[in-house]
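Take a look at the structure below.
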Amino acid sequence: MSIIEVKNLRYTYGIGTPFEINAVDDVSVSVNEGEVIGLIGHTGSGKSTFVQTLNGLIKPTSGQILLEGKDIWEKPKEIRKIRFRVGMVFQYPEYQLFDDTVYKDISYGPKNKGLSDEEIDKTVRSAAKFVGLSDKLLDKSPFDLSGGEKRRAAIAGVIAMDPDVLVLDEPTAGLDPKGRDLLLAQIMQYHKERNNTIFIVSHSMEDISRIADRIMVMSKGRLVMFDTPKKVFSEVEKLEKIGLRVPQITKIMMSLKEKGFPVSDGILTVEQAMSEIVDLLKKEGRL
Amino acid sequence: MSFITAENIKFSYDEENKNVLDGVSLKIEKGDFVALLGHNGCGKSTMAKMLNAMLLPDEGTIVIENMSTKDEELTFEIRRTVGLVLQNPDNQLVASVIEEDVAFGPENLGVEPSEIRKRVDEALKAVDMYEYRTHAPHKLSGGQKQRVAIAGILAMQPSCVVFDEPTAMLDPNGREEVMKTIHTLKSRGITVVLITHYMNEAVQADRVVVMDSGKILTEGTPKEVFSQVNLLKKHSLDVPQATELAYKLIGVGLRYTEMPLTAEECVSFLEGVLR
Amino acid sequence: MIRDITLGQFVPGKGIIHRMDPRVKILLLIAFIVFIFCTFNFVSLGVCAAAVLFVIFLSDVPFKLYLKSLKVIILIIIITSILNIFYGSGTPIFELGFLKITLSGIYRAIFVSVRIICLILISSCLTFTTSPTDLTDAIERLMKPLKVFHIKVHEIAMMMTIALRFVPTLLEETDKIMSAQKARGADMESGGIIKKIKAMTPVLIPLFVSAFRRAYELAMAMECRCYRGGNGRTRMKILHMKPLDFGCVGFAAALLAGIIVCNLILPAVI
Numbered sequence: 194m195s196i197i198e199v200k201n202l203r204y205t206y207g208i209g210t211p212f213e214i215n216a217v218d219d220v221s222v223s224v225n226e227g228e229v230i231g232l233i234g235h236t237g238s239g240k241s242t243f244v245q246t247l248n249g250l251i252k253p254t255s256g257q258i259l260l261e262g263k264d265i266w267e268k269p270k271e272i273r274k275i276r277f278r279v280g281m282v283f284q285y286p287e288y289q290l291f292d293d294t295v296y297k298d299i300s301y302g303p304k305n306k307g308l309s310d311e312e313i314d315k316t317v318r319s320a321a322k323f324v325g326l327s328d329k330l331l332d333k334s335p336f337d338l339s340g341g342e343k344r345r346a347a348i349a350g351v352i353a354m355d356p357d358v359l360v361l362d363e364p365t366a367g368l369d370p371k372g373r374d375l376l377l378a379q380i381m382q383y384h385k386e387r388n389n390t391i392f393i394v395s396h397s398m399e400d401i402s403r404i405a406d407r408i409m410v411m412s413k414g415r416l417v418m419f420d421t422p423k424k425v426f427s428e429v430e431k432l433e434k435i436g437l438r439v440p441q442i443t444k445i446m447m448s449l450k451e452k453g454f455p456v457s458d459g460i461l462t463v464e465q466a467m468s469e470i471v472d473l474l475k476k477e478g479r480l
Numbered sequence: 021m022s023f024i025t026a027e028n029i030k031f032s033y034d035e036e037n038k039n040v041l042d043g044v045s046l047k048i049e050k051g052d053f054v055a056l057l058g059h060n061g062c063g064k065s066t067m068a069k070m071l072n073a074m075l076l077p078d079e080g081t082i083v084i085e086n087m088s089t090k091d092e093e094l095t096f097e098i099r100r101t102v103g104l105v106l107q108n109p110d111n112q113l114v115a116s117v118i119e120e121d122v123a124f125g126p127e128n129l130g131v132e133p134s135e136i137r138k139r140v141d142e143a144l145k146a147v148d149m150y151e152y153r154t155h156a157p158h159k160l161s162g163g164q165k166q167r168v169a170i171a172g173i174l175a176m177q178p179s180c181v182v183f184d185e186p187t188a189m190l191d192p193n194g195r196e197e198v199m200k201t202i203h204t205l206k207s208r209g210i211t212v213v214l215i216t217h218y219m220n221e222a223v224q225a226d227r228v229v230v231m232d233s234g235k236i237l238t239e240g241t242p243k244e245v246f247s248q249v250n251l252l253k254k255h256s257l258d259v260p261q262a263t264e265l266a267y268k269l270i271g272v273g274l275r276y277t278e279m280p281l282t283a284e285e286c287v288s289f290l291e292g293v294l295r
Numbered sequence: 021m022i023r024d025i026t027l028g029q030f031v032p033g034k035g036i037i038h039r040m041d042p043r044v045k046i047l048l049l050i051a052f053i054v055f056i057f058c059t060f061n062f063v064s065l066g067v068c069a070a071a072v073l074f075v076i077f078l079s080d081v082p083f084k085l086y087l088k089s090l091k092v093i094i095l096i097i098i099i100t101s102i103l104n105i106f107y108g109s110g111t112p113i114f115e116l117g118f119l120k121i122t123l124s125g126i127y128r129a130i131f132v133s134v135r136i137i138c139l140i141l142i143s144s145c146l147t148f149t150t151s152p153t154d155l156t157d158a159i160e161r162l163m164k165p166l167k168v169f170h171i172k173v174h175e176i177a178m179m180m181t182i183a184l185r186f187v188p189t190l191l192e193e194t195d196k197i198m199s200a201q202k203a204r205g206a207d208m209e210s211g212g213i214i215k216k217i218k219a220m221t222p223v224l225i226p227l228f229v230s231a232f233r234r235a236y237e238l239a240m241a242m243e244c245r246c247y248r249g250g251n252g253r254t255r256m257k258i259l260h261m262k263p264l265d266f267g268c269v270g271f272a273a274a275l276l277a278g279i280i281v282c283n284l285i286l287p288a289v290i
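Residue numbers (the working numbering), protein chains in the order written: chain A, 194 to 480; chain B, 21 to 295; chain C, 21 to 290.
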């Protein structure tokens with residue numbers, strides 16, 4: 194069953210001004226429970242606006258968002274409740290930390306949700322565990338943490354609300370390769386244990402191709418592709434036309450194929466490419 | 021004598037952050053394009069601030085065109101010679117009109133007004149932002165803002181520009197714009213030091229220096245450095261996927277002549293082994 | 021969205037007033053404020069009002085915007101007018117208990133309201149036609165003589181420039197932090213004033229932290245660009261008095277002469 198269903202969603206900025214523009218233009222998608230959805234597109238393609246409509250931070254101009262079959266805007270006064278079910282981690286979330294200890298900061302969301310102190314303690318500690326923050330760090334001021342720790346503390350603040358759908362906007366932006374790999378691994382581990390639905394916006398095709406079950410490609414407010422990474426990244430031309438790149442390894446294998454070597458389409462990781470080539474060499478008896 | 025000579029630099033911020041730089045020696049020739057790699061906290065940003073006398077070494081010396089950064093009288097001349105572009109494009113722009121921001125540096129140097137005008141126009145044209153000269157910075161994209169910041173440095177007519185992770189906060193398009201601008205600078209004979217953790221940017225340099233915990237781990241041409249896939253991986257640094265694939269194939273017994281760094285090089289390498 | 025707000029009231033344009041030297045504009049504004057308080061009869065007041073309308077007509081800014089700027093102070097005009105009506109001296113023309121309205125009171129009320137309206141209109145004209153950057157620039161140059169009194173003119177101007185540059189950035193940032201906290205279930209709409217102020221803490225603290233971080237980074241960027249205060253600093257833009265500016269000064273002089281003549285020939289009514 195689909196957990197989120199978006200029907201003909203449209204959001205128009207600056208209605209009635211000469212600058213009127215459809216940031217999101219007639220987007221319809223249906224996402225199943227437990228899926229990891231990657232979202233790619235240019236800056237200004239509408240992907241950030243799109244994800245902000247999912248938890249009701251932005252009210253669509255027209256169209257519907259159904260969460261487990263129910264329109265999230267059915268009772269506009271209760272939109273705040275939706276935000277606990279659809280957790281949203283913004284870009285550079287460490288800039289939202291404010292409380293005097295990491296513990297208190299992570300518990301801000303659960304407190305707003307109205308949980309009891311016991312429940313809060315449980316959820317805060319489990320969220321901190323997911324992102325790899327030790328108990329010792331919980332009593333520190335969030336402003337004394339390192340850059341990567343701050344980022345993870347901020348993400349824990351959203352995870353602690355125990356949302357059914359987690360939206361992450363560029364969670365690895367500005368991190369170094371080490372921090373990036375660690376954070377992605379933690380997110381995937383969390384996903385595996387909690388089995389909730391994840392939307393992840395990223396500019397890194399390499400990362401997206403590694404973790405997403407399906408990828409939404411947006412351009413100029415429209416949804417131009419919605420398919421598995423393999424299918425999406427085999428359409429190199431279409432992607433390049435809207436100014437997006439494919440992972441380097443995919444590109445290499447595509448060129449090999451064009452040159453007449455029998456390799457498969459949509460290779461996404463170095464490991465896949467490796468086994469393809471080794472197979473090929475073995476077939477020819479050169480290995 | 022090299023353009024920049026750093027000898028056995030040691031530096032600590034305070035008791036807690038000891039030996040951020042722990043004996044770094046580095047030589048940079050005039051007109052070189054050097055990439056400085058390493059993960060966060062390895063001391064590469066600290067090194068950047070050493071090069072224009074924003075920070076002074078505790079031990080060791082840095083000499084730029086025969087000027088020691090320790091000589092306080094030369095501080096401003098060094099900062100004019102070695103411009104520093106920082107990571108966050110928003111926090112480098114001073115004025116609310118682009119051209120006035122670019123003029124900020126030369127104004128500080130006391131350059132003649134008509135000469136400033138000339139330099140500002142030239143710098144803006146060099147980074148391809150001339151049409152935006154009367155715009156406000158907050159309406160530009162990240163890549164455009166960063167290019168304006170570069171123009172602001174160019175207007176001081178430096179011989180070297182140090183970039184401290186200039187693309188870390190940009191989207192892929194912005195990154196490409198900035199890299200293009202960096203190549204423009206290089207083609208004009210300006211020495212470039214690029215601090216980054218994007219490997220595809222580092223492979224574009226003439227020379228790559230890898231730092232780890234305040235020391236230089238390895239250095240050489242991009243090919244020499246990225247061939248050491250194991251060493252880089254051990255220090256949690258990325259290698260381009262093209263190099264990684266070739267490296268793994270070598271592991272199962274293939275032979276190679278030159279390590280591929282880009283997609284094109286890797287394709288011709290694979291063509292070679294498969295034919 | 022907050023980010024759509026443009027700072028100040030500047031309306032880009034190419035009219036005569038837009039092209040004037042901002043220094044001249046500021047000085048003439050001050051002169052005009054003096055003139056308007058030197059009108060003692062209806063003719064000189066009329067001359068002043070006519071001059072204001074003429075300047076507005078030249079300004080290449082929609083009249084609607086001027087009306088908008090008056091809307092804010094309409095209450096002040098009404099209150100001062102009423103007070104003045106009842107505080108006049110001389111023979112009352114209307115009496116109700118201890119309240120009496122005199123002819124001089126009515127005159128006073130008219131003078132006060134016309135003066136305030138003219139004042140607002142002409143100052144709006146300055147802010148509508150001069151970009152904030154030009155304004156700061158002009159203020160810095162005009163204040164230069166104050167250096168003698170050890171007033172840090174350059175530093176003040178630099179602070180104004182940086183404030184102008186960063187207000188839009190910080191507004192945008194406020195917007196972002198508010199969204200982020202709302203996404204964590206922050207309730208900023210309901211409850212009384214105290215609850216609302218409390219609900220703003222998670223927005224204000226990150227905003228301050230970020231402002232300090234920006235200030236630190238900006239200071240470093242400025243040092244990297246050889247900033248060392250106002251000494252030895254030159255400016256790219258040199259402000260020149262153009263024939264247009266001399267013309268405007270001439271216009272102001274004529275206006276002053278007109279007011280003096282009117283005041284001399286005709287009797288004062290207040």
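We put the CB at the ideal spot given by N, CA and C, even for glycine. Quick caveat: nothing in here was measured; it's all calculated off a predicted structure.
I'd like to know whether the C-beta of residue i is nearer than 8 Å to at least one C-beta of chain B.
| i | result |
| --- | --- |
| Ser457/A | no |
| Ser309/A | no |
| Asp24/C | Any reading at Asp24/C needs caution, since the residue's pLDDT is 40, under 50, leaving its predicted position unreliable; the model's value is listed next. Asp24/C does not count as touching chain B. |
| Met418/A | no |
| Met179/C | no |
| Ala200/C | no |
| Lys413/A | no |
| Ala241/C | yes |
How far does the alpha helix (DSSP H) with residue i in it reach, from first residue to last?
| i | result |
| --- | --- |
| Gly340/A | Gly340 to Ile352 |
| Thr66/B | Lys64 to Leu71 |
| Ala320/A | Asp310 to Phe323 |
Nearest-angstrom Cα distance between residue i and residue j?
| i | j | result |
| --- | --- | --- |
| Gln382/A | Ile401/A | 16 Å |
| Gly278/C | Leu264/C | 21 Å |
| Glu312/A | Lys329/A | 20 Å |
| Thr421/A | Val439/A | 14 Å |
| Val281/C | Ser109/C | 27 Å |
| Ala288/A | Pro226/C | One point to set straight first is that residue 288/A is Tyr, not Ala, in the sequence displayed. Going from the Cα of Tyr288/A to the Cα of Pro226/C covers about 6 Å. |
| Leu123/C | Ile130/C | 11 Å |
| Arg23/C | Asp218/A | Note on Arg23/C: pLDDT 41, under 50, position unreliable in the model; no value is reported. |
| Ile56/C | Tyr127/C | 15 Å |
| Ala288/C | Cys145/C | 29 Å |
Does any C-beta atom of chain C lie closer than 8 Å to the C-beta of residue i?
| i | result |
| --- | --- |
| Glu120/B | yes |
| Pro286/A | yes |
| Tyr383/A | no |
| Gln289/A | yes |
Taking a contact to mean a Cβ-Cβ separation below 8 Å, would you say residue i touches residue j in this structure?
| i | j | result |
| --- | --- | --- |
| Val44/C | Met208/C | no |
| Lys268/B | Val463/A | yes |
| Leu141/C | Ile76/C | yes |
| Glu79/B | Asn28/B | yes |
| Gly58/B | Val230/B | yes |
| Leu191/C | Thr156/C | no |
| Met409/A | Val222/A | yes |
| Ile210/B | Val245/B | no |
| Val429/A | Met447/A | yes |
Where does the unbroken beta strand (DSSP E) through residue i begin, and where does it stop?
| i | result |
| --- | --- |
| Asn185/A | What the structure shows of chain A is the stretch from 194 to 480, and residue 185/A is not part of that stretch, so it cannot be assessed. |
| Phe31/B | Ile24 to Phe31 |
Closest Cβ-Cβ distance between residue i and chain A: below 8 Å?
| i | result |
| --- | --- |
| Ala283/B | yes |
| Gly240/B | no |
Taking only runs that begin and end inside the region 205-268 of chain C, name each unbroken alpha helix (DSSP H) of 4 or more residues, in chain order.
List check, alpha helix (DSSP H) in window: 213-244.
Only counting runs of 4 or more residues, tell me where the alpha helix (DSSP H) segments fall wholly within the region 76-140 of chain B, in order along the chain.
Taken in chain order, the whole alpha helix (DSSP H) runs of length 4 or more contained in the region 76-140 of chain B are 95-101 and 118-128.
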